[in-house]
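Visitor: For what it's worth, the numbering used here labels the leading residue of the sequence shown as 3, then goes sequentially.
Note that the Cβ used here is the ideal one computed from N, Cα and C, for glycine as well.
These numbers come from a predicted model, not from an experiment.
Okay, handing you the structure first.
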Amino acid sequence: MSPPNGPPHEMVVLTASAPMPNKRKRGRNLCTKFKKLRENGLVPITIPPGAQGPVGENASVFTRRVGFIVREHANLSYQSWSKAPQEHRQMLKNRLVADFMLDPNRVEDKKCMEISLSTTYNNVRSNFYKEFLKFSKEEVRANVPPDLTQDKWDALCDLYETPTWKKKSDKNKDNRGKNNTGHTCGSKSFIAYYEEKKQGGKEIGKVDFYKMTRTKKDGSFVTTTSEENYNLMREKVANEENQSTEEEIFTEVLGTRRGFVRGMGKFVIPTPTPSSHLRYESSLNMELETCKQDLSNTMLKLSDAEQKQGESDQKLAETQNQMAQLQSQPPLSRGPSLTLVQHLRTAPSAQKLPNSSLSLCDADAAASPRLSLFWVSDLGNIIGLPLQRV
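Encoded structure:
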């Protein structure tokens, strides 16, 4: 249809060969905000008790920094994060400790670093796998993603071509297809969203929080399954005959998963189960026995050291006593000392001694009878002669 009093519109027909505009994508993560904060020292970060993820204004800074560290410094060619060597994983954690106010000995901080790095490690490799699937086997290695070197890309391609990776990828794809609950938090973690929605520090019930994260702005649920889960939880909570707590009802409806709180995300520490209590208690007992054994070994070594020290002290006391006895004796005449020197000169073993030694004995004997006794005693011990007074 042409506009009034104007030329007709020109119809544009898009064909398969016509170039389509590229979809706008997020640029490279350069950690600009992190660098500004880091100029003033370690970046503060908040991980609440019972949480495994950061909350507050620097939560996104932490998340982006984790992504940068994984892309730049992690070896992405291991079969999984758990198969990476312990020293390699610790190296990545040390980089986080060097950037943020984290306590490596605090349970929440340790779990936050472990989960954040493992999740990002998997996500980064998954994103590169999408790039891998865009090209044929002959072309893929020549199309290196901007964030990778040729060597790293070749190593990833080798991983993506293994049957183990393909099997795991198909399984994960099938599991994602079964996830029919959805949420409206976007890229923000549930724990960060939860902290934002707390009014005046007042805790939010899990059932109410489930609704908050599964409904759109118009109040409708994102999926039918989410609505059914919420209605079932509300029904059980309203039932006066039900003696279960809200948390127990929440777990009953959504189910359980080891090391994971369904409906709350992976950044919430799950409530320990009886079996986990037993495992934890067993671990503590083993650690206690190890400490006891180490202490016993240390005490044994200390006892041996004290015994050797006692023996050394005893020998030193005996030596000092002998020296004191020698010093308390009256001076000897020249006769005995010079007689011993002459005896040493005529002994067969005296050939082993330099003339200077015997000459020194003569001089010492003439100068001091007591001093000559020590010289003759030493030389007598060297050549095996008994020291006798004449």
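What residues match up with A157 in a beta bridge as DSSP calls it?
Guide: Partner(s): none; A157 has no beta bridge.
Visitor: Determine, using beta-carbon pairs with one atom in the stretch 78-85 and one in the stretch 54-61, whether at least three such pairs fall under 8 Å.
Guide: Judged by Cβ distances under 8 Å, the stretch 78-85 makes no contact with the stretch 54-61, as fewer than three pairs qualify.
Visitor: Sort out for me which residues DSSP pairs F223 with in a bridge.
Guide: DSSP, once it has assigned bridges, lists T217 as partnering F223.
Visitor: Which residue comes first and which comes last in the alpha helix (DSSP H) that contains W476?
Guide: What the structure shows of the chain is the stretch from 3 to 392, and residue 476 is not part of that stretch, so it cannot be assessed.
Visitor: Per DSSP, T48 forms a beta bridge with which residues?
Guide: V57.
Visitor: Opposite F102 in the DSSP bridges: which residues?
Guide: According to DSSP, F102 bridges with V45.
Visitor: Rank V109, V72, F137 by C-alpha distance to the C-alpha of P51 and give the top, closest one.
Guide: Residue V109 is the option with its Cα nearest to P51.
Visitor: Where do the N-terminal and C-terminal ends of the alpha helix (DSSP H) with Y80 fall, by residue?
Guide: Segment: none, Y80 is in no alpha helix (DSSP H) and carries neither H nor E.
Visitor: Is it the case that the Cβ atoms of E248 and V255 are separated by a distance below 8 Å?
Guide: No.
Visitor: Going by beta carbon distance, what residues of the same chain come within less than 7 Å of A76, once the five residues before and after it are set aside?
Guide: So the list reads L94, Y123, once near-sequence residues are dropped.
Visitor: Since T225 and G184 are thought to touch, with beta carbons under 8 Å apart, how far apart are those beta carbons, to the nearest angstrom?
Guide: About 5 Å separates the two Cβ atoms, so the contact holds.
Visitor: Measuring alpha carbon to alpha carbon, tell me which of L32, H90, P87 ends up nearest T65.
Guide: The residue with the shortest Cα to Cα distance from T65 is L32.
Visitor: Three or more beta-carbon pairs under 8 Å between the stretch 158-170 and the stretch 129-144, yes or no?
Guide: A contact exists between the stretch 158-170 and the stretch 129-144.
Visitor: Going by alpha carbons, who is nearest to K168 out of R127, E230, K204?
Guide: Nearest option by C-alpha distance: R127.
Visitor: At the level of alpha carbons, what is the spacing between K35 and V63?
Guide: Cα to Cα, the separation comes out at about 7 Å.
Visitor: For the alpha helix (DSSP H) holding D111, just list the boundary residues, first then last.
Guide: D111 -> alpha helix (DSSP H) spans 109-134.
Visitor: Which residues in the same chain as M115 place their Cβ atom closer than 6 Å to its Cβ, once the five residues preceding and following it in sequence are excluded?
Guide: Hits under 6 Å: K95, L98.
Visitor: Hey, could you find the ends of the alpha helix (DSSP H) T34 is sitting in?
Guide: First-last of the alpha helix (DSSP H) with T34: 34-40.
Visitor: Using only the alpha-carbon positions, how far apart do G257 and N231 sit?
Guide: Cα-Cα distance, rounded: 11 Å.
Visitor: Does the Cβ of S101 have 16 or more other Cβ atoms within 10 Å, making it buried, or fewer, making it exposed?
Guide: A quick correction: the sequence has Asp, not Ser, at residue 101. Under this definition D101 is a buried residue.
Visitor: Give a single yes or no on whether G58 has its beta carbon closer than 7 Å to a heavy atom of the ligand ADP.
Guide: The ligand ADP is absent from the structure shown, which contains no ligands of any kind.
Visitor: Using only the alpha-carbon positions, how far apart do K190 and E197 sit?
Guide: The straight-line gap from Cα to Cα measures roughly 11 Å.
Visitor: Give a yes or no on whether the C-beta atoms belonging to L119 and D111 are separated by under 8 Å.
Guide: Against a cut-off of 8 Å, the Cβ pair of D111 and L119 comes out as no contact.
Visitor: How would you call A307, buried or exposed, if buried means at least 16 neighbouring beta carbons within 10 angstroms?
Guide: With fewer than 16 Cβ atoms within 10 Å of its Cβ, A307 is classed as exposed.
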